[in-house]
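Asks: This is the structure I want to talk about, given as structure tokens.
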């Protein structure tokens, strides 16, 4: 079901219009404006370049994966970052732009991602606030780890739902 609103997160508080663009990592892609639905917005409660792995329990998640990755927490969602990013997360000022979903369509199979081929004027902008507190208030466990690579290797075949963002910025494998 299409939401009424979608969101774009940025450290820039002065964006007046979102214009379709080609991501630097996919020069073969068409120009798009990217947004996320409210349910998946926590995937972007980070500094833009922060590498992170997020995973959560889905209806198809096997009991073994629940026990392995969630056996010692009451959270149903985990976000993992490298310890070198902790200070940056504490200092980042992030803004949530609320956008009308009128011109947006779902992006492939990506959970919660929406794209528009047209320019989009934000309806509102709000500071996200303390990013660590925001995770805690949402009941999301934030794991701070020396390296994301063990999770990177373990999560994809686990049966969990997951997202891996900006892994090109992760520290080298240990």
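Numbering (the working numbering), first residue to last: 56 to 229. Each residue gets a CB set at the ideal place from its N, CA and C atoms; glycine is no exception.
(1) If you draw a straight line from the alpha carbon of residue 81 to that of residue 194, how long is it in whole angstroms?
(2) Taking residue 85 as part of the alpha helix (DSSP H), name the residues at either end of that continuous run.
(3) Our contact map puts residue 203 next to residue 225 with C-beta atoms below 8 Å; I'd like the distance itself, whole angstroms only.
(4) For residue 167, count the other beta carbons within 10 Å of its own beta carbon; 16 or more makes it buried, fewer makes it exposed. Which is it?
(5) Curious, which full-length beta strand (DSSP E) runs of at least 3 residues does the stretch 106-138 contain?
(6) Beta-carbon within less than 8 Å of residue 174's beta-carbon, same chain only, minus the 5 sequence neighbours each way: which residues are those?
(7) DSSP three-state call for residue 152: helix, strand or coil?
(8) Looking only at C-alpha atoms, which of 149, 212, 99 sits nearest to residue 221?
(9) Do the CB positions of residue 94 and residue 63 come within less than 9 Å of each other?
(10) Please report the straight-line C-alpha distance between residue 114 and residue 60, rounded to a whole angstrom.
(11) Where residue 68 and residue 150 are concerned, what is the direct C-alpha to C-alpha distance, given to the nearest angstrom?
(12) Out of curiosity, what's the CA-to-CA distance linking residue 212 and residue 147?
(13) What's the gap between the Cα of residue 181 and the Cα of residue 192?
(14) Can you list, in chain order, the stretches of the alpha helix (DSSP H) that have 4 or more residues and sit fully within the stretch 171-208?
Replies: Answer, in terms of the structure:
(1) Using only the alpha carbons, I get a separation of about 33 Å.
(2) No alpha helix (DSSP H) contains residue 85, which DSSP labels as neither H nor E.
(3) For residue 203 against residue 225, the beta-carbon gap comes to about 5 Å, under 8 Å, which counts as contact.
(4) Buried, since its Cβ has 16 or more Cβ neighbours within 10 Å.
(5) Those beta strand (DSSP E) runs which fall completely within the stretch 106-138 and span 3+ residues are 107-111, 132-137.
(6) Here the set comprises 72, 73, 74, 75, 88.
(7) Three-state result, residue 152: strand.
(8) The shortest Cα separation from residue 221 among 149, 212, 99 belongs to 99.
(9) Not a contact, by the Cβ cut-off of 9 Å.
(10) The C-alpha of residue 114 lies about 25 Å from the C-alpha of residue 60.
(11) Answer to the nearest angstrom: the Cα atoms are 6 Å apart.
(12) Their Cα atoms are separated by approximately 33 Å.
(13) Here the alpha carbons of residue 192 and residue 181 stand approximately 17 Å from one another.
(14) Fully enclosed alpha helix (DSSP H) runs of no fewer than 4 residues occupy 186-192 of the stretch 171-208, in order along the chain.
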